[in-house]
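Asks: I have a structure here, written as structure tokens, and I will follow up with some questions on it.
In the numbering used here, the protein residues as written are 150 to 259.
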């Protein structure tokens, strides 16, 4: 893995359930891990959904392997990059060689 290609900073957030002062439970995204990544596979696509144009961009991030990154899954984590949020659709451990992890993501609809 060429370290020089890890040129963008991303933040991975985790979805946790928090309880407020009166006992209400709510989902909240908290920062989990910040690292440098390689961005690849950018594919922009716009669709019309219910009369509005929706951006369904797909992007891949490749990060270095570490114990924290090895715990990532597609249901409890998301990526923040360039002020945009991306849902993790798939986590590829690259043949489990413990060198890098590839995150296939799609832009969050808001």
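Ideal Cβ positions, reconstructed from N, Cα and C, are used throughout, including at glycine. This structure is a prediction, so every number in the text was calculated from the model and none was measured.
Which runs of the beta strand (DSSP E) spanning at least 3 residues fall entirely within the segment 163 to 230, listed in chain order?
Replies: If we require 3 residues or more, the beta strand (DSSP E) runs fully inside the segment 163 to 230 come out as 174 to 192, 195 to 198, 201 to 204, 207 to 213 and 226 to 230.
Asks: Comparing C-alpha positions only, which one of 185, 232 and 163 sits nearest to residue 210?
Replies: Your numbering for residue 210 matches position 61 in the chain shown. For the residues 185, 232 and 163, the minimum Cα distance to residue 210 belongs to 185.
Asks: Along the chain, where does the beta strand (DSSP E) that runs through residue 245 open and close?
Replies: Mapped onto the chain shown, residue 245 falls at position 96. No beta strand (DSSP E) holds residue 245; DSSP gives it neither H nor E.
Asks: Report the three-state DSSP secondary structure of residue 154 (helix, strand or coil).
Replies: Here residue 154 is taken as the residue at index 5 of the chain shown, counted from 1. Helix, per DSSP.
Asks: For residue 251, which residues does DSSP report across the bridge?
Replies: Within the chain shown, residue 251 is the residue found at index 102, counting from 1. Residue 251 pairs with 211 and 241.
Asks: Cα-Cα, which of 154, 180 and 248 is closest to residue 215?
Replies: Working through the chain shown from its first residue, we reach residue 215 at position 66. For residue 215, the nearest C-alpha among the options comes from 248.
Asks: Please name the residue, chosen from 224, 171 and 219, that lies closest to residue 244 on a Cα-to-Cα basis.
Replies: For this step, residue 244 is matched to residue 95 along the chain shown. Minimum Cα distance to residue 244 is reached at 219.
Asks: In or out: residue 171 buried (at least 16 other Cβ within 10 Å) or exposed?
Replies: Within the chain shown, the letter at position 22 stands for residue 171. Exposed, because fewer than 16 other Cβ atoms sit within 10 Å of the Cβ of residue 171.
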